[in-house]
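Counted the way the numbering used here counts, the sequence shown spans residues 2 to 538.
Built from N, CA and C at the ideal position, the CB exists for glycine as well.
Notes follow once the structure below has been shown.
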Amino acid sequence: MSPQQCRGLPCASPDGSRVRLPTPNVAEAHARRRLVGGQLRPRVDFSAGGTRRSFSRAGYDSLKAAQGDLDHVRALLGIADADDAEGLTQIAELLEKVAEEKAPLPDIEATHRRLSHGLDLTNRLTVGEWLDMWLAGKKGRQTAISRDESNIRVHLKPRIGHLRLDRLRVAHLSEMFEAIAEANVEIAEGNAARRKAFEDLAQIPWKGREHRAHRKVMKAAIAEMEPYRRIVGPATRQRVRSTLRAALNAAIAQQLITFNPAVHVELEAGKRPKALVWTDERILHWERTGEKPSPVMVWTPEHTGLFLDHIAEDRLYALFHLIAFRGLRRGEACGQKWTDTHLDAGLITVAKQLVVDGWEVYEDDPKTDAGARTIALDSDTVQALKRHRAQQDKDREEWASAWVETGRVFAKENGEMLHPANATRRFIELYEEISLPPVRLHDLRHGAATLAHAAGADLKDIQEMLGHSSITITADTYTSLLPEADLAIAEAAARLVPRAQRVLDGADSSGEISGSGAPSAHAPLTQTAPDERSEAE
């Protein structure tokens with residue numbers, strides 16, 4: 002081979018002498034090329050960890066291709082500093098493994114990231130390793146990060162964490178979600194068995210030696226059972242996939258993988274539960290079976306009135322009143338400050354909220370950009386807040402120097418921050434005192450939307466009041482028609498159809514029509530027909 006062909010690439014000359022090319026990041030490194038069966042075999046010799054090593058590879062049919070890989074190897078060797086013996090050793094072992102397996106040269110940036118994160122370079126990155134790396138660098142709301150951490154710890158790492166990241170396929174994810182569905186069956190059976198055991202235990206009398214012995218055996222059997230566990234429902238499975246999809250998108254952005262299987266796995270849609278009103282029939286069913294017709298239940302106006310009358314003297318009356326009529330979220334109500342509350346103008350500005358992470362509480366911005374909003378207050382709500390402020394002023398005087406000034410509208414007796422979970426606990430205690438059907442504190446927010454809708458507010462008004470980012474959420478989840486409003490619309494709709502006679506109006510007790518003097522459909526209506534927008538809603 003002529004000297005011209007060797008130009009630009011360190012190689013063995015015809016007389017056997019060596020041509021050396023210094024590598025800027027490794028003290029003793031050089032490269033050679035020799036002709037083997039008409040193909041080029043470049044080689045890089047270097048020192049790492051006090052040991053001389055080399056990397057060589059055959060199969061190049063052009064000088065350009067060989068030079069490109071030599072430059073790639075030098076760049077890999079240059080990742081670690083010259084005085085980083087451990088880093089150089091890891092890269093040397095990586096190159097030896099690549100040469101032995103005749104694998105493609107590893108990506109320079111990916112290798113640099115793995116070395117900086119302390120990962121083993123000779124092993125391929127696993128899904129679990131990448132999820133840990135991604136979570137460690139994730140930014141955003143703490144609640145979202147905590148949700149992702151839970152999804153990774155509970156579902157993703159135990160089931161697919163051991164798989165190589167670059168070999169993760171849709172089939173792996175389908176198997177994972179099928180396994181979760183199978184586990185749901187086991188969880189349901191275990192919960193049912195535990196519930197049945199408690200029911201049987203309750204049937205055993207307390208008195209009598211034999212009964213006490215039987216109870217002891219039953220309690221021991223219950224102690225051996227699995228504790229109650231939650232079913233992983235469709236919405237949770239969707240959130241697990243969302244976490245994985247975001248992590249894999251980040252891996253694609255860093256060129257670790259080229260395909261995101263989480264995008265293509267099929268799952269059952271996690272539908273938002275529809276809010277239902279506690280009618281007499283639904284209450285009767287709940288009293289007989291203990292089953293709620295929907296996870297989201299709304300009190301009627303009569304129920305809400307009974308509850309507010311019952312708690313009129315409670316310290317947190319104004320908080321529950323505010324949520325029930327103006328639909329604040331629990332965290333928004335607990336985080337409301339007096340500086341954002343303008344009672345003379347009848348307005349409050351929702352600017353902050355208290356967020357619960359585990360049991361820790363921190364202040365954050367509203368849930369969405371639309372959540373930062375100004376809400377008008379009715380006169381009753383203004384009066385409730387004024388009475389609450391007067392009571393808080395008395396508390397401040399009584400506690401004197403021990404008072405903790407947080408500036409919150411709702412606080413403990415000594416001024417300290419009110420934990421949102423304690424507000425929920427107090428809410429449950431209060432409505433159970435008068436045996437009202439169960440609702441969540443958040444369901445008062447649903448009830449506020451329902452009351453506003455029945456009072457004539459359109460969906461856009463309700464969306465702004467609740468601080469939703471999308472009117473679809475308002476329409477699909479939060480507006481349950483009250484039975485009275487639904488009946489009025491049904492009657493008005495029926496009167497829009499011209500009829501020769503009204504069958505029901507003219508029917509006597511025997512069921513026969515008593516004459517044809519039923520009011521005409523063209524007669525003035527006592528009920529106004531709904532307009533186009535309300536019909537669509």
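Contact check for Ala325 against Ala449 passes: the beta carbons are separated by less than 8 Å.
If the five residues before and after Pro294 are omitted, its C-beta is found closer than 8 Å to the C-beta atoms of Leu277, Arg283, His286, Trp287, all from its own chain and listed in chain order. Taking all protein chains in view, the Cβ of Asp444 is crowded by 16 or more other Cβ atoms within 10 Å, so the residue is classified as buried. Separation of Leu174 and Ile161 (C-alpha to C-alpha, rounded to the nearest whole angstrom) is 8 Å. At least 8 Å separates the beta-carbon of Ala93 from that of Ser57. About 6 Å separates the Cβ atoms of Gln354 and Asp365, confirming a contact at the 8 Å cut-off.
Beta-carbon to beta-carbon, Leu132 and Lys158 are separated by about 6 Å, close enough to satisfy the 8 Å threshold. Scanning its chain for C-beta atoms nearer than 7 Å, with the 5 sequence neighbours on each side dropped, one finds around Lys461 the residues Ile472, in chain order.
Beyond the five residues adjoining it in sequence on each side, Arg242 comes within less than 7 Å, by CB distance, of Ala263, Val266, Leu268 in the same chain, given in chain order. Its chain contains no residue whose beta carbon lies nearer than 6 Å to that of Pro302 once the 5 sequence neighbours on both sides are disregarded. Between Met219 and Glu190, the alpha-carbon positions lie close to 18 Å from each other. Counted as a single uninterrupted DSSP element, the stretch harbouring Tyr61 is not any beta strand (DSSP E), since DSSP gives it neither H nor E. Only residues of its own chain outside the window of five on either side were considered, and among them Arg125, Leu126, Thr127, Val128 have a CB closer than 8 Å to the CB of Arg165, listed in chain order. By the beta-carbon neighbour count (other beta carbons within 10 angstroms, threshold 16), Ala180 is exposed. Look at Lys140 here: in three-state DSSP terms it is coil, with no helix or strand label. If you draw a straight line from the Cα of His469 to the Cα of Ala424, it comes to about 23 Å. Ranking Glu398, His420, Thr342 by CA distance to the CA of Val357 puts His420 first. In this model, Arg289 and Glu130 are separated by some 51 Å (Cα to Cα).
For Arg170, the secondary structure class from DSSP, reduced to helix, strand or coil, is coil. Taking a 10 Å sphere around the C-beta of Tyr229, we find fewer than 16 other C-beta atoms and assign the residue as exposed. DSSP lists Arg409 as the beta-bridge partner residues of Lys338. Sorting Lys197, Lys217, Arg196 by C-alpha distance to the C-alpha of Pro206 places Lys217 at the top. Counting every other CB atom within 10 Å of its CB across the protein chains shown gives Gly328 a total of 16 or more, marking it as buried. Here Arg210 is exposed, its C-beta having fewer than 16 other C-beta atoms within 10 Å. By the neighbour-count definition (other C-beta atoms within 10 Å, threshold 16), Leu488 is an exposed residue.
Closest in alpha carbon position to Ala111, among Ile80, Thr305, Asp459, Phe428, is Ile80. Less than 8 Å divides the Cβ of Arg427 from the Cβ of Leu317.
Within the stretch 232–273, the alpha helix (DSSP H) runs of at least 4 residues that lie entirely inside it are, in chain order, 235–254. In the three-state DSSP reduction, Met134 falls in the helix class (H, G or I). Residue Arg54 holds the alpha-carbon nearest to the alpha-carbon of Lys98 among Trp135, Leu136, Arg54.
Here Asp315 really is in contact with Leu431; their C-beta atoms are around 7 Å apart, less than 8 Å. In this structure, Ile435 and His311 form a Cβ contact; the two beta carbons are roughly 5 Å apart against a cut-off of 8 Å.
If you keep only unbroken beta strand (DSSP E) runs of at least 3 residues inside the stretch 331–394, you get 348–351, 354–358, 361–365, 374–377. Residue burial is scored here from C-beta neighbours: Tyr363 has fewer than 16 other C-beta atoms within 10 angstroms and is therefore classed as exposed. In the displayed model, Leu277 falls within a strand according to three-state DSSP.
Approximately 5 Å separates the beta-carbon atoms of Val297 and Pro274; this is inside 8 Å, confirming the contact.
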